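Line by line, the protein sequences are chains A and B. If you're matching positions, the first sequence starts at 24 in my numbering and goes up one per residue. If you're matching positions, the second sequence starts at 1031 in my numbering and goes up one per residue. Below is one structure, written out as structure tokens, with a few remarks after it.
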Amino acid sequence: MRLLGVFFKISFQDDAAYRGEFWMRLAATLYSLAGAFVGIWIFFSHTDRIAGWTVDEVVILLGAFHIVAGVIRTVLGPSFERIVEEVREGTLDFVLTKPASSQFLVSFRRIVSAAAMECLMGAGLVGYGISRLSQQTGLYTAFAFAFALACGLAVLYSFWLFLNTLVFWFVRIDNVTQIFWALFEAGRYPLDIYPGWLRVLVTYIVPVGVVTTFPAQGIAGRLAPASLLWYAAAAALSLYISSRFWRFGVAHYTSASS
Amino acid sequence: MAGMSREIDIRVRELTKHYKVPVREGGFRASVASLFRRKYRIVEAVKGVSFDIARGEIVGFLGPNGAGKTTTLKMLSGLLHPTSGEAQVLGHVPWKREAGFLRRMTLVMGQKNQLVWDVPAMDTFLVNQAIYGIPEREFRETLAEFTELLGLEGLLQKPVRNLSLGERMKCELVAALLHKPRILFLDEPTLGLDVTMQNRIREFIRVYNQRYGATVLLTSHYMADIAALCRRVIIIHHGRVMFDGELSRLVGSIAPFKVLHVALDRAVSPEDLDGMGEVLALDEGKLALKVPKDRTPEVTSRLLAELPVLDLSVEDPPIEDVIEQVFEQGVEV
Chain A
24 MRLLGVFFKI SFQDDAAYRG EFWMRLAATL YSLAGAFVGI WIFFSHTDRI AGWTVDEVVI
84 LLGAFHIVAG VIRTVLGPSF ERIVEEVREG TLDFVLTKPA SSQFLVSFRR IVSAAAMECL
144 MGAGLVGYGI SRLSQQTGLY TAFAFAFALA CGLAVLYSFW LFLNTLVFWF VRIDNVTQIF
204 WALFEAGRYP LDIYPGWLRV LVTYIVPVGV VTTFPAQGIA GRLAPASLLW YAAAAALSLY
264 ISSRFWRFGV AHYTSASS
Chain B
1031 MAGMSREIDI RVRELTKHYK VPVREGGFRA SVASLFRRKY RIVEAVKGVS FDIARGEIVG
1091 FLGPNGAGKT TTLKMLSGLL HPTSGEAQVL GHVPWKREAG FLRRMTLVMG QKNQLVWDVP
1151 AMDTFLVNQA IYGIPEREFR ETLAEFTELL GLEGLLQKPV RNLSLGERMK CELVAALLHK
1211 PRILFLDEPT LGLDVTMQNR IREFIRVYNQ RYGATVLLTS HYMADIAALC RRVIIIHHGR
1271 VMFDGELSRL VGSIAPFKVL HVALDRAVSP EDLDGMGEVL ALDEGKLALK VPKDRTPEVT
1331 SRLLAELPVL DLSVEDPPIE DVIEQVFEQG VEV
């Protein structure tokens, strides 16, 4: 954990040197947010509910989406950025000869603090949605939201790690993160709006949908404690599997010749 | 030092590594076919290599490209699992990658960088400090010591991309040695550097070895590195050990000849040198002769008697030539 602190400190110092990037990111996030709002406004100008979701609930979901996207852009995106190059050129050797978990190092080594802005904005949206919610937000619903969000992040992280581990076999997987982001866009809207087959796809196969839908359901008081437990189990299992897969991948790594 | 019953830091027994590599045939049809069914070929990179290295030794690990040097180093640093055979480094099996092992060794590769390109070298040092859990005070002291030894003043805060190749290599060494490892695997650490920079790096390795009693296994294409640092060399070719012993013995047994350098008062013709030995160079009164070792006294006295000699020196042949001869003859010594 001390290591995480050092990663953060160093990244923060580097980012401070590039203030322009901070403002660019802020603008980009605001822009994507504005687009999403227009979408929501168009939908709800015709109806009160979409697939059982009120406008406030959808705003909370959007907030959750941006919190998660922010975490990925802050930590996972930058940390995994170099892995393709490292496997191709063999510089992953330096990660593997360190006395620390290689999975931890590749996952958290680079933090772009400017991107954390998106998390804050997401949190703001969630707060705004809650303030407009008709029913009272109790301790349980707040907990359900946070818990489901944490599980969602764990599931998403596992999926991300799994995709990136494929680098050991295919070497050129630069497109994997593109595919990830394209699929992740599905998390912007409630799962219930998707037709059956697509819902199955984004729930079980590529688990991006659940990451935002479940927390939003949690805060709306629509998530039973039993579901939370199931979700926690699924998160733990996916972490375990992806971690094993990573280790399997590392064992497969032969490192580029001199 | 050698020959005493010293502790063995690196013990290698019958280490073997086969790679399975896909065979790519040229042409479109073959490419399409390879998408479905790949053909593989087994490459035997290392075939039953054995040796021991004692604590504090600097051993030169030599061989032509593709001889198996890097593969061996990678197995010893825990990056590759061998196909068969055993190795122990500081009592650990390297490829188990136990923290206790990784903490006490380092791997430096002249052609690969661990420093992050866009940020100052200092950032990488700080990350390594955290990874190895180096206490702040020790970190500062070590950094100050290395900075002075390598002459790195003022370079640590510059982005790595703004450093010259030599400066970068020096920073790489610092990053790799901050945790003061006991075992150093150095793969071509002076590659591509100019002579001054090579000397500096060489001197640093020598000082580090003496100060911390570190054990060093070094590969280099520059024989000057080997000659300056290594008393003992291991020569590997086609994945097998061809020679393991003192550098001086290698020169003596493989190359049983000397080179005579002679300065002459006037030009001489090649006929004057008939039967003396192989003429390596004859130019403007300067002569180099390759002479079998046992004939050296005889040839020397003939030269002195028959030619207007101003100066004469007897030297061992250049180490490059000797090594090359080992590869060509393929003899096991």
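Ideal placement from N, C-alpha and C gives every residue a C-beta, glycine not left out. Predicted model only: the values in this text are computed from it and were never measured.
Between residue i and the rest of its own chain, which residues show a CB-CB distance below 6 Å, the 5 nearest in sequence each way excluded?
i        : result
L1340(B) : A1293, D1295
I83(A)   : V149, G152, A239, I242
E1116(B) : R1043
L1180(B) : K1200, F1234
S1343(B) : H1291
R1212(B) : R1134, A1244
K1069(B) : V1053
S280(A)  : In this predicted model, S280(A) has a pLDDT of only 48, less than 50, meaning its place in the structure is not dependable; the value taken from the coordinates is given anyway. Excluding sequence neighbours, S280(A) sits near nothing in its chain.
E1037(B) : R1085
V78(A)   : F67
To the nearest angstrom, report how far apart residue i and residue j are at their CA atoms.
i        : j        : result
A146(A)  : V1246(B) : 54 Å
I1072(B) : Q1240(B) : 42 Å
Y151(A)  : G86(A)   : 9 Å
G1090(B) : S1080(B) : 15 Å
V118(A)  : A59(A)   : 39 Å
L260(A)  : A274(A)  : 21 Å
R48(A)   : F35(A)   : 15 Å
V1298(B) : V1352(B) : 29 Å
I134(A)  : E44(A)   : 14 Å
L1110(B) : V1053(B) : 21 Å
G1196(B) : D197(A)  : 32 Å
V233(A)  : G1057(B) : 46 Å
F1215(B) : A1060(B) : 40 Å
A1032(B) : G1086(B) : A caution first: A1032(B) carries a pLDDT of 46, below 50, which makes its placement in the model unreliable, though a value can still be read off. About 10 Å.
F203(A)  : G210(A)  : 11 Å
T70(A)   : A249(A)  : 32 Å
L1280(B) : F1273(B) : 8 Å
Y217(A)  : A139(A)  : 29 Å
Which residues in chain B sit within 8 Å of residue i, going by Cβ to Cβ distance?
i       : result
E112(A) : K1142
V33(A)  : The residue asked about is misnamed: residue 33(A) is Ile in this sequence, not Val. The answer, in chain order, is V1149, D1153, L1156, V1157.
D197(A) : Correct list: empty, because the minimum Cβ distance to chain B is about 18 Å.
In the structure shown, what three-state DSSP assignment does residue i receive?
i        : result
M1031(B) : With a pLDDT of only 44 at M1031(B), under 50, the local geometry of the prediction cannot be trusted, and no value is derived from it.
W1147(B) : coil
V1363(B) : Confidence in V1363(B) is poor, its pLDDT being 47 and thus under 50, which makes the residue's placement too unreliable to answer from.
G1181(B) : coil
E1128(B) : coil
S1114(B) : strand
T114(A)  : coil
E1336(B) : helix
G232(A)  : helix
V1366(B) : With chain B covering 1031 to 1363 only, the question about residue 1366(B) has no answer from this structure.
S280(A)  : Because S280(A) sits at a pLDDT of 48, beneath the cut-off of 50, its placement in the model cannot be relied upon, and the following sentence gives the value as read from the coordinates. It is coil, neither helix nor strand.
H89(A)   : helix
If you follow the beta strand (DSSP E) that residue i is in, where does it begin and where does it stop?
i        : result
R1041(B) : 1038-1053
A1311(B) : 1308-1313
R1262(B) : 1262-1267
L1247(B) : 1245-1249
D197(A)  : Here D197(A) belongs to no beta strand (DSSP E), and DSSP marks it neither H nor E.
T1136(B) : 1135-1139
Give the interface partners of residue i over in chain B, defined as CB-CB distance under 9 Å, in chain order.
i       : result
D116(A) : K1104, S1107, L1109, L1137, M1139, K1142, Q1144
Residue i touches chain B at which residues, Cβ-Cβ below 7 Å?
i       : result
L348(A) : Nothing about residue 348(A) can be reported from this structure: the residues present for chain A run from 24 to 281 only.
L26(A)  : A1160, I1161
V29(A)  : L1156, V1157, A1160
What does residue i touch in chain A if you count any residue whose Cβ is under 8 Å from its own?
i        : result
L1132(B) : T120, K121, P122
Where do the N-terminal and C-terminal ends of the alpha helix (DSSP H) with residue i fall, by residue?
i        : result
D1217(B) : That residue, D1217(B), is in no alpha helix (DSSP H); its beta strand (DSSP E) goes 1213-1217.
Leaving out five residues before and five after residue i in sequence, what residues of the same chain have Cβ atoms less than 7 Å from its Cβ?
i        : result
H1268(B) : A1097
A258(A)  : C174, A177, V178
G1130(B) : H1122
F237(A)  : A171, G175, L246, Y254
L27(A)   : F131
If the cut is a Cβ gap below 7 Å, which residues of chain A does residue i touch?
i        : result
A1129(B) : P122
Excluding sequence positions up to five away, which residues of its chain have a Cβ less than 8 Å from the Cβ of residue i?
i        : result
L1145(B) : A1151, T1154, V1190, R1198, C1201, E1202, A1205
L1208(B) : F1155, N1158, Q1159, Y1162, I1164, F1169, T1172, L1173, F1176
W192(A)  : G272, H275
S136(A)  : F31, S34, F35, D38, T97
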